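Residue 14 is where the sequence shown starts when you use the working numbering, and the numbers rise one by one after that.
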Amino acid sequence: MKKQISFAITALLVLVATAAFSQNGALAKKAELEKSNIKFYGNVWEVAINEGKIDILNTAYTEDAVLHTVPETKGKANCVAYYTNYVTGFSNRQFIVKEMLASGNKITKHWQFKGKHTGNFFGIPATNKDVDLIGCTIATIVNGKITEEQDFFDNLGFLQQLGLMPK
14 MKKQISFAIT
24 ALLVLVATAA
34 FSQNGALAKK
44 AELEKSNIKF
54 YGNVWEVAIN
64 EGKIDILNTA
74 YTEDAVLHTV
84 PETKGKANCV
94 AYYTNYVTGF
104 SNRQFIVKEM
114 LASGNKITKH
124 WQFKGKHTGN
134 FFGIPATNKD
144 VDLIGCTIAT
154 IVNGKITEEQ
164 DFFDNLGFLQ
174 QLGLMPK
């Protein structure tokens, strides 16, 4: 009887230890994925906006990526065209990532964008006005590619900074 109890306790301890190690492994994999996604996502915007090398977006987005903008932008080519407006529309661009947080395949990026409106921006001719925006983006990254993004920032304030709306 004592051997059976001892065996049951040993088996239970092995089971608990196995579950703990398995949980630690899953948590480590999740943490590594989150770290990798943050590194990837931060690099994409450093290269695309600050360096003006917008072609990186051709490899960063999935073919069916969606930007939740007004109007909604669907497809890699349209996503690339959307952000090209920022590169061609603004000189002295600074895209500053204030903070990035990850949870699984979701990234939240707190950012600041500064620049001088010296080129065509979504059909708006240059105003030569400086802009300074603060915003937040929620993105989904699957298999190392951006599948979805939604930006949140003060659009009215942006238009006012461009001199297109009264303050």
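Cβ atoms here follow ideal geometry from the backbone N, Cα and C, with glycine treated the same way.
Just so it is clear, the structure is predicted and the values come from calculations on it, not from any experiment.
Top-ranked residue by Cα proximity to residue i, from the options
{"i": "D167", "options": "I159, P138, V155, V144", "result": "V144"}
{"i": "F134", "options": "E85, L175, S49, K158", "result": "L175"}
{"i": "S116", "options": "G132, N105, T153", "result": "T153"}
{"i": "E59", "options": "C149, V110, N156", "result": "V110"}
Residue i versus residue j: straight-line alpha-carbon distance, rounded
{"i": "E112", "j": "I147", "result": "12 Å"}
{"i": "G65", "j": "K43", "result": "32 Å"}
{"i": "I137", "j": "N50", "result": "34 Å"}
{"i": "P84", "j": "N71", "result": "21 Å"}
{"i": "G88", "j": "F53", "result": "20 Å"}
{"i": "G128", "j": "N91", "result": "23 Å"}
{"i": "A73", "j": "V79", "result": "13 Å"}
{"i": "F165", "j": "A41", "result": "31 Å"}
{"i": "H123", "j": "L114", "result": "9 Å"}
{"i": "C149", "j": "E45", "result": "23 Å"}
{"i": "K48", "j": "S104", "result": "31 Å"}
{"i": "D77", "j": "I69", "result": "16 Å"}
Rounded Cβ spacing between residue i and residue j (contact assumed at less than 8 Å)
{"i": "F108", "j": "N63", "result": "5 Å"}
{"i": "K119", "j": "H130", "result": "Incorrect: roughly 32 Å between the Cβ atoms, too far for contact."}
Neighbourhood of residue i by C-beta, 6 Å cutoff - its chain only, sequence neighbours within 5 removed
{"i": "I151", "result": "T121, Q163"}
{"i": "T75", "result": "K158, T160"}
{"i": "G132", "result": "T101, G102, A139"}
{"i": "H81", "result": "Q163"}
Residues near residue i in its chain [Cβ-Cβ closer than 8 Å; skip 5 each side]
{"i": "K180", "result": "Q173"}
{"i": "I67", "result": "A61, V93, Y96, T97, V100"}
{"i": "G38", "result": "none"}
{"i": "R106", "result": "I62, N63, G65, Y99, V100, F126, K127, G128"}
{"i": "T155", "result": "This sequence places Val at residue 155; Thr is not what is there. T75, N118."}
Close Cβ partners of residue i (< 7 Å) along its chain, the five nearest in sequence each way excluded
{"i": "L169", "result": "M178"}
{"i": "F171", "result": "V144, L146"}
Can you give, in chain order, each stretch of the beta strand (DSSP E) that sits fully within the region 52-89 and has at least 3 residues?
-> 74-80
For the region 84-125, which segments carrying the beta strand (DSSP E) assignment without a break, of at least 3 residues, lie completely within its bounds, in sequence order?
-> 103-116
Secondary structure, alpha helix (DSSP H): runs of 4+ residues fully inside the region 125-178 = 168-174
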